[in-house]
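Scroll down for the structure; my scribbles are underneath it.
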Amino acid sequence: MPRLLSINNYYYRRGGSEAVYFEHNRLFEEAGWEVVPFSMHNPQNQPSKWSEHFVQADDAQSPVNTLSRAAAAIYSTQAARRIKELISLARPQIAHAHNIYHHLSPSVLVELRRQGIPVVLTLHDLKLACPAYKMYVRGAVCEACRGGAVRNVVKNRCIKNSAAMSALVWLETTLHRAVGIYEKAVTRFVVPSRFFLAKFADWGIDTSRFTHIPNSVDVDRLIATDEPGDSFVYLGRLVEEKGVDTLIKAAALARVRLKIIGTGPEEASLRRLAAATGGDVEFTGYLAGSTLHAAISSARAVVIPSEWYENAPISVMEASALARPVIGADIGGIPELIKQGETGFVFNSGNVDSLVQVLTQVDRLSDTKLRSVGLAGRHWMSTDFSPATYRNRMLALYRQIDTAQ
Numbered sequence: 042m043p044r045l046l047s048i049n050n051y052y053y054r055r056g057g058s059e060a061v062y063f064e065h066n067r068l069f070e071e072a073g074w075e076v077v078p079f080s081m082h083n084p085q086n087q088p089s090k091w092s093e094h095f096v097q098a099d100d101a102q103s104p105v106n107t108l109s110r111a112a113a114a115i116y117s118t119q120a121a122r123r124i125k126e127l128i129s130l131a132r133p134q135i136a137h138a139h140n141i142y143h144h145l146s147p148s149v150l151v152e153l154r155r156q157g158i159p160v161v162l163t164l165h166d167l168k169l170a171c172p173a174y175k176m177y178v179r180g181a182v183c184e185a186c187r188g189g190a191v192r193n194v195v196k197n198r199c200i201k202n203s204a205a206m207s208a209l210v211w212l213e214t215t216l217h218r219a220v221g222i223y224e225k226a227v228t229r230f231v232v233p234s235r236f237f238l239a240k241f242a243d244w245g246i247d248t249s250r251f252t253h254i255p256n257s258v259d260v261d262r263l264i265a266t267d268e269p270g271d272s273f274v275y276l277g278r279l280v281e282e283k284g285v286d287t288l289i290k291a292a293a294l295a296r297v298r299l300k301i302i303g304t305g306p307e308e309a310s311l312r313r314l315a316a317a318t319g320g321d322v323e324f325t326g327y328l329a330g331s332t333l334h335a336a337i338s339s340a341r342a343v344v345i346p347s348e349w350y351e352n353a354p355i356s357v358m359e360a361s362a363l364a365r366p367v368i369g370a371d372i373g374g375i376p377e378l379i380k381q382g383e384t385g386f387v388f389n390s391g392n393v394d395s396l397v398q399v400l401t402q403v404d405r406l407s408d409t410k411l412r413s414v415g416l417a418g419r420h421w422m423s424t425d426f427s428p429a430t431y432r433n434r435m436l437a438l439y440r441q442i443d444t445a446q
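Counting from 1 along the sequence shown, just add 41 to a position and that's the residue number in the numbering used here.
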């Protein structure tokens with residue numbers, strides 16, 4: 042039985058990248074692989090017989106421990122030691138890492154290379170190019186670090202507007218690039234969107250070992266309803282870069298009902314904005330599982346109004362899989378997941394008037410047309426983005442690596 046060492050900072054469902062991580066594990070287990078997870082200890086973790094080898098987080102607040110955590114964010118000796126022990130027990134054929142920054146750190150990649158284990162790293166964000174992950178700071182897309190000028194992360198206080206945290210990330214990036222830690226330790230990189238692949242190349246990164254493999258969505262597990270609802274739905278974190286303020290303004294001007302699913306630091310200000318505009322806006326709070334899927338299914342369309350470089354949002358794929366048209370901003374990898382006029386509609390990111398126009402257009406469509414658009418999206422997800430397609434693409438990559446060893 043082949044063994045896959047599957048690595049991620051978190052071993053519980055925390056966000057979109059964790060959803061991809063756990064789905065990846067499930068698909069390979071169904072294909073007959075033994076999946077050996079490696080992660081951080083956390084009370085919210087899913088159970089695993091390998092959890093005793095996970096990395097212990099240090100929550101103490103003494104100055105010594107603070108310095109120790111800062112050093113571990115750059116290179117965790119504990120993570121390197123523990124993954125070495127796990128490798129000796131599990132002897133995996135291949136390792137696949139997802140989000141490891143600041144917690145497990147690339148120390149695990151270095152140790153895997155020392156042990157002769159080929160490594161695949163899925164790039165869920167732009168960290169290899171942008172020290173602050175997002176290429177977004179204080180309300181706008183930012184590419185100031187293009188060409189290696191990473192000092193801008195300190196100058197602009199890109200990390201939580203903190204000079205200290207930004208300086209730490211500057212140091213981390215500078216050291217990692219100086220030794221070529223990712224270039225030397227990672228065998229192949231997986232990129233879920235073509236946009237990210239092009240952006241890395243545009244920033245001068247050698248993408249010859251990069252492979253575009255889109256995320257997947259399991260249409261068979263999502264039950265779609267036939268009848269479109271009367272509300273437009275947003276689902277996701279309530280943070281600045283998601284463009285929810287633009288959506289609230291546009292919904293009020295278009296005189297359409299809006300349902301906002303999610304929580305986040307901007308919730309209070311967004312509620313005030315909704316009241317000020319006089320729009321018909323409902324905040325549902327956090328929803329998950331069947332409750333979330335029912336809310337999406339009841340939508341007239343799902344709106345993804347992002348104003349930063351999204352990678353390959355699961356929210357777009359799940360909306361289409363639930364046979365709902367998607368209205369998406371023309372930024373990042375979002376347009377790759379929408380066939381204009383066929384599975385959804387695209388508007389100019391951050392442009393209220395452009396979104397008003399599309400909301401008005403979609404609101405006037407007949408239920409028959411909305412069903413047709415939604416079903417076209419569901420069919421597209423079931424063919425090009427199915428779990429089986431994802432697994433086959435990943436298995437082909439693993440075989441290429443094995444052949445090349």
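The beta carbon of each residue, even a glycine, is placed where N, CA and C say it ideally should be. Small disclaimer: the values here were computed from a predicted structure and weren't measured.
Asked	Found
C-beta atoms of G373 and Y350 nearer than 8 Å	yes
Contacting residues, own chain, Cβ-Cβ under 8 Å from A204 (five flanking each side not counted)	V195, R198
For Y223 and H217, the rounded distance between their alpha carbons	8 Å
V105 (DSSP reduced to helix, strand or coil)	Low local confidence applies: a pLDDT of 38 at V105 is under 50, so the model's placement there is unreliable, and no value is given.
Minimum C-alpha distance to I379 - residue among S407, H334, D425	D425
Touch test, the segment 233 to 243 against the segment 167 to 177, Cβ-Cβ under 8 Å, three pairs minimum	yes
Stretch-stretch touch, CB-based, cutoff 8 Å, three pairs: the segment 69 to 84 with the segment 44 to 60	yes
Neighbourhood of V105 by C-beta distance below 8 Å, restricted to the same chain and skipping five residues each side	For V105, the predicted model reports a pLDDT of 38, less than 50, meaning its position is unreliable; a value from the coordinates is still stated below. Closer than 8 Å at Cβ, skipping near neighbours: no residue.
Collapsed DSSP secondary structure at M176 in the structure displayed	coil
H94 versus M176 - alpha carbon distance	34 Å
Opening and closing residue of the beta strand (DSSP E) in which R298 lies	298 to 302
Assigned exposure category for V149 - 16 Cβ within 10 Å defines buried	buried
Any non-hydrogen atom of the ligand NAD closer than 7 Å to A173 Cβ	For the structure depicted, the ligand NAD is absent and the ligand set is empty, with no information on it obtainable.
Nearest-angstrom Cβ-Cβ length linking N389 and F237, presumed shorter than 8 Å	The Cβ separation is near 21 Å, so there is no contact.
Limits of the unbroken beta strand (DSSP E) element including A242	No beta strand (DSSP E) contains A242, which is instead part of the alpha helix (DSSP H) from 235 to 243.
H94, DSSP secondary structure in three states	helix
Test: L164 CB closer than 8 Å to a CB of chain C	Structure shown: chain C not included; a single protein chain is present.
Beta strand (DSSP E) runs contained entirely in the segment 339 to 376, provided each spans 3 or more residues	340 to 345, 367 to 370
For R278, three-class secondary structure by DSSP	coil
Where I158 falls: helix, strand or coil (DSSP)	coil
I124 beta carbon less than 8 Å from that of L162	no
Segment limits, alpha helix (DSSP H) that includes H65	57 to 71
Residue burial classification, A219 (beta-carbon count within 10 angstroms, cutoff 16)	exposed
Expected contact under 8 Å - CB spacing of V343 and V367 to nearest Å	5 Å
C-beta contact flag for S58 and H137 at 8 Å	no
Minimum length 4: unbroken alpha helix (DSSP H) runs contained in the segment 384 to 409	393 to 404
Stretch-stretch touch, CB-based, cutoff 8 Å, three pairs: the segment 269 to 283 with the segment 245 to 260	no
DSSP state of R440 mapped onto helix, strand, coil	helix
Unbroken beta strand (DSSP E) run spanning R229, endpoints	229 to 232
Alpha carbon of V280 to alpha carbon of S207, nearest angstrom	20 Å
Sub-8 Å separation of L406 and A295 beta-carbons	no
Local conformation of H217 per DSSP, three classes	helix
Length of the line joining the Cα atoms of L333 and A360	11 Å
Local conformation of M206 per DSSP, three classes	helix
Cβ-based burial, T444 [other Cβ within 10 Å; buried from 16]	exposed
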